[in-house]
Amino acid sequence: SQKIEQNSEALNIQEGKTATLTCNYTNYSPAYLQWYRQDPGRGPVFLLLIRENEKEKRKERLKVTFDTTLKQSLFHITASQPADSATYLCALNQGGKLIFGQGTELSVKP
Amino acid sequence: GAGVSQSPRYKVAKRGQDVALRCDPISGHVSLFWYQQALGQGPEFLTYFQNEAQLDKSGLPSDRFFAERPEGSVSTLKIQRTQQEDSAVYLCASSLRGGDRVYTEAFFGQGTRLTVV
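Residue numbers (our numbering), protein chains in the order written: chain A, -12 to 97; chain B, 155 to 271.
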């Protein structure tokens, strides 16, 4: 069956450290993968998109990798700040629609 | 408006009541999506429109759920004879383009929190 799995447990890190979140998928062949941030009571907000032929994408303190052989994406936040605390969702496209993982809650402590 | 707008923000329905949730996408956006999100879970796909055409409704949980986008802009998600398991946040998203291999981000509304009592 098709599945998207993210770190199931919340991730707690110290301010200034690098947070690494994982997204694994099975039985999909996505043309691209996206990462979103969701704060409580709000809708998800787009962060980064990476295409199947790209290995890595960066935007400010964010970095995403995409390994279509391993069927995995890693999402890194460097020099993390308390304001980065949120739930992070990976999503991949299938037939024109976005399918989401369950999300990983990140907490950055000062 | 500048973003995706959903109304109402909160809805309390008695079991068995019909509800209608509205989504105003970003003007000019071709694709519109509806998702259901339970507490602590990721958004679950319900249905997808490209302009006024409903291309995929495979995620609708039962025939009590119905969505429409008659003029390719505003969309309504209707739930008939609501049940307690329908309680969730319903998210609407729009994107500029559509298609399987078209690289485009989705813009989400704040959602409608439905509570069935």
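Even glycine gets a Cβ: it sits at the ideal position worked out from N, Cα and C.
### Task
Name, going along the chain, the residues of the region -11 to 19 of chain A whose beta-carbon falls closer than 7 Å to a beta-carbon of chain B.
A18, Y19
### Query
Counting contacts by CB-CB distance shorter than 9 Å, is R29 (chain A) in contact with chain B?
At least one chain B Cβ lies under 9 Å of R29 (chain A).
#### Entry: N40 (chain A) to E259 (chain B) span [Cα, whole Å]
17 Å
### Task
Measure the C-alpha to C-alpha separation of G194 (chain B) and K46 (chain A) and round it to an integer number of angstroms.
Their backbone Cα atoms lie some 27 Å apart in a straight line.
#### Entry: Three-state secondary structure assigned by DSSP to K178 (chain B)
Before going further, note that residue 178 (chain B) is Asp rather than Lys in the sequence given. DSSP places D178 (chain B) in strand when its eight states are reduced to three.
### Query
At a cut-off of 8 Å, is T201 (chain B) close to the ligand PLP when judged by its beta-carbon and the heavy atoms of the ligand?
Of the ligands one can find in the structure shown there are none, so the ligand PLP has no counterpart to examine.
### Task
Please name the residue or residues paired with R38 (chain A) in a DSSP beta bridge.
A:Y19
### Task
Quick one: grab the DSSP three-state call for D54 (chain A).
strand
### Query
What residues are listed by DSSP as bridge partners for L231 (chain B)?
For L231 (chain B), which the question treats as bridged, DSSP gives the partners B:L175, B:A221.
### Task
Could you tell me whether the region 65 to 83 of chain A touches the region 5 to 24 of chain A, where touching means 3 or more Cβ pairs closer than 8 Å?
Note that the region 65 to 83 of chain A touches the region 5 to 24 of chain A; at least 3 beta-carbon pairs, one per stretch, sit closer than 8 Å.
### Message
Under 8 Å: do the region 50 to 58 of chain A and the region 164 to 171 of chain B share three or more Cβ pairs, one atom per stretch?
### Response
no
### Message
Can you check which of these residues, A:T7, A:S(-12), A:Y12, A:P27, is closest to R48 (chain A) by C-alpha distance?
### Response
A:T7
### Query
Three-state secondary structure (DSSP) at A70 (chain A)?
helix
### Query
DSSP on E239 (chain B), reduced to helix/strand/coil?
helix
### Query
According to DSSP, which residues form a beta bridge with A78 (chain A)?
A:Q21, A:F87
### Message
I want to verify the contact list: residues of chain B whose CB lies under 7 Å from the CB of F53 (chain A), in sequence order.
### Response
Those within 7 Å of F53 (chain A) in chain B number zero; the least Cβ separation is about 13 Å.
#### Entry: Under the three-state DSSP convention, the category V158 (chain B) falls into
Here V158 (chain B) sits in coil by DSSP.
#### Entry: I86 (chain A): contacting residues in chain B (beta-carbon distance under 7 Å)
F199
### Task
Please look up how many angstroms separate the CB atoms of A221 (chain B) and L231 (chain B), rounded, as I've assumed it's under 8 Å.
5 Å
### Task
Just mark Q1 (chain A) as buried or exposed, buried being the case when its beta carbon has 16 or more other beta carbons within 10 Å.
exposed
### Task
Classify S185 (chain B) as helix, strand or coil using the three-state DSSP reduction.
It is a strand residue.
### Query
Going by beta carbon distance, what residues of the same chain come within less than 7 Å of I180 (chain B), once the five residues before and after it are set aside?
G157, V158, S248, F261
### Message
Would you say G182 (chain B) lies against chain A (beta-carbon separation less than 9 Å)?
### Response
no
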